[in-house]
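Asks: What the sequence shown shows, in the working numbering, is residues 21 to 214, in sequence order. By construction, the Cβ of each residue, glycine as well, lies at the ideal position given by its N, Cα and C atoms.
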Amino acid sequence: MSVDIFVVGLGNPEPRYFTSRHNIGFLFLDLFCKAKGLKFDKKKNDSLYTIYEFSSKRVCLIKPLTYMNNSGVSVRKWLGNLDVSCENLMVIHDEIDLPFGKVRMKCGGGHGGHRGVESIILNISTDSFARLRIGVGRPPVRDRELIVKWLLDPMKEEELEAYLELIGKILPILDIYIESGFSRASGFLGNILR
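1. Give a yes or no on whether the C-beta atoms belonging to R78 and Y69 are separated by under 9 Å.
2. If we count Cβ pairs, one from each stretch, closer than 8 Å, do we get three or more for the stretch 165-181 versus the stretch 39-49?
3. DSSP beta-bridge partners for F26?
4. Three Cβ pairs or more, each shorter than 8 Å: is that satisfied between the stretch 108-124 and the stretch 184-200?
5. Just list the alpha helix (DSSP H) runs in the stretch 147-203, keeping only unbroken ones of 4 residues or longer that don't cross its boundaries, in chain order.
6. Go through its chain and collect everything with a Cβ distance to L209's Cβ below 8 Å, but skip five positions before and after it.
7. Measuring only the C-alpha atoms, how far is D61 from F46?
8. Measure how close the beta-carbons of K139 and N89 come, nearest whole angstrom, since I'm counting them as under 8 Å.
9. For E34, does the count of other Cβ atoms within 10 angstroms reach 16, so buried, or fall short, so exposed?
10. Mind checking who Y69 pairs with in its DSSP beta bridge?
11. How many whole angstroms separate the CB atoms of I112 and V27, which I take to be in contact at a CB cut-off of 8 Å?
12. I'd like to check one pair, I154 with F48: are the Cβ atoms closer than 9 Å?
13. Quick check: the Cα distance between G31 and Y37, rounded to an integer number of angstroms?
14. Note down the Cα distance separating S200 from L81, rounded to an integer number of angstroms.
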């Protein structure tokens with residue numbers, strides 16, 4: 021199967037997690053697919069996926085079913101021995117170190133404590149891929165177990181609506197990334213959020 025670009029949304033597959041902050045990557049891809057008339061109706065490599073063509077490129081959208089902390093297992097199966105770079109892999113995930121409303125793009129670097137990103141780095145033996153980091157903020161607690169619970173609990177309706185609105189604003193960034201690459205997409209992100 022020939023694919024030019026892989027886009028991975030991170031999350032957990034059980035319905036009880038669907039509206040959690042930790043499932044922002046899944047939520048982004050679900051909204052993107054809805055806007056494009058696509059469906060996650062295929063299963064392969066421990067993931068749900070769909071493939072489509074845009075700007076003369078074959079794009080594979082992936083939602084790993086291996087749970088967040090093992091996301092890299094699915095990504096490794098998809099990528100095999102490909103030469104991974106910022107231009108052919110983007111990972112979309114929640115970012116606790118960014119407040120709500122802040123969205124950043126990054127290429128390479130560490131995982132910042134995000135277990136899903138850490139799993140991908142360990143499994144594909146590189147950190148040289150693009151990330152779309154969607155801020156969820158940090159709860160006013162220090163206990164790790166309480167932070168994890170906060171990330172995994174369903175959001176209240178008004179918070180979920182706010183995230184849906186934010187994601188709706190930034191959806192075009194994926195088209196720009198696919199069409200023109202990481203640098204151009206990163207430059208446009210600030211304009212989209214003005």
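Replies: From the atom records:
1. No.
2. Enough Cβ pairs lie closer than 8 Å, so yes.
3. DSSP lists C80 and L109 as partners of F26.
4. Yes, they touch.
5. Taking only runs of at least 4 residues, the alpha helix (DSSP H) segments lying wholly in the stretch 147-203 are 164-172, 177-190 and 192-200.
6. Closer than 8 Å at the Cβ level, and outside the excluded window around L209, lie V123, R124, M125, I190 and I193.
7. Cα-Cα distance, rounded: 14 Å.
8. Lys is not the amino acid found at residue 139; the sequence shown has Ser there. Contact between S139 and N89 is confirmed by a C-beta separation of about 6 Å, below the 8 Å threshold.
9. When all chains shown are included, E34 counts as exposed.
10. Y69 pairs with K62 and I82.
11. With a Cβ gap of about 7 Å, I112 and V27 count as contacting.
12. For F48 and I154, yes; Cβs fall inside 9 Å.
13. Cα to Cα, G31 sits roughly 8 Å from Y37.
14. Taking the Cα positions, S200 is about 17 Å away from L81.
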